[in-house]
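Accompanying notes for the structure given below.
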Amino acid sequence: MPQIFGEMKKTEQWTAGQCINGQPTQKEVQHDIDLGKAIKFGFRNQPKPGDETRAFGVPAIRNDIIKKGMKSVADPQNYGDEVPAVALLFPEKFSHMGLSEQDFLSLRRKQEIKEIFESIGIKYGIGKFEGIFKRAKEIQNINDDKVSVKGFQLAVQEMHHID
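Just so you know, we're using our numbering here: the sequence shown kicks off at 12 and counts up by one.
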């Protein structure tokens, strides 16, 4: 039978790695009998009587050392102020603008709310703004003259049809 270009031969051929390293024997692939055991004297991870609750090793979050003023990129220590992995994988909606969810929930004065919405191009008449602001205070159950951006947005959604 003629050989077809690109067809692998039916007989098992060794790869380059197998040619260099050879084929291990059954004894060579068995695990070592001392695997997972400390064989060096004095290095057994067995607590002494009275030390059963002792923690071995270094904590992942280092609150036992003082944090430096400016954190360097080369500093591998975790001082407990780093964001969790989920925040890196799934960042908040407006994090690319430097805003967190807390920025939308913090209470702000009436004038500040008005300026925020006007800065994004949403302007309300005096009467409509006052009505929305009053409804936002009711939604958030606040007696002060402050509401959050989130509360104001909820009030806008409720009252969008009113002129």
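Heads up, the beta-carbon is just placed ideally off N, CA and C, and yes, glycines get one too.
This structure is a prediction, so every number in the text was calculated from the model and none was measured.
Our two residues, I124 and S159, have alpha carbons roughly 8 Å apart in a direct line. Counting every other CB atom within 10 Å of its CB across the protein chains shown gives A71 a total below 16, marking it as exposed. The C-beta distance from I143 to F115 rounds to 16 Å, too long to meet the 8 Å contact threshold. No residue range can be given for I50, since it is assigned to no alpha helix (DSSP H) and is classified by DSSP as neither H nor E. In this structure, DSSP gives K82 a state outside helix and strand, which the three-state scheme calls coil. Between the C-alpha atoms of G28 and K38 there is a straight-line separation of about 20 Å. Annotated as proximal: E169 and I150, with beta-carbon spacing under 9 Å.
The straight-line gap separating the alpha-carbon atoms of N89 and I76 is approximately 10 Å.
Secondary-structure assignment with DSSP links R120 through a beta bridge to K157. Nearest neighbour of H171 by Cα position, chosen from K148, P95, F140, turns out to be F140.
Scanning K82, I133, K161 for the CA closest to the CA of S111 turns up K161. With a 10 Å radius around the Cβ and a threshold of 16 neighbouring Cβ atoms, A96 comes out exposed.
The beta carbons of A147 and L165 sit about 7 Å from each other, so the pair counts as a contact at 8 Å. Rounded to the nearest angstrom, the gap between the Cα atoms of G80 and G138 is 50 Å. The Cβ atoms of K157 and K104 do not sit closer than 9 Å to each other. R73 and E93 have their C-alpha atoms roughly 12 Å apart.
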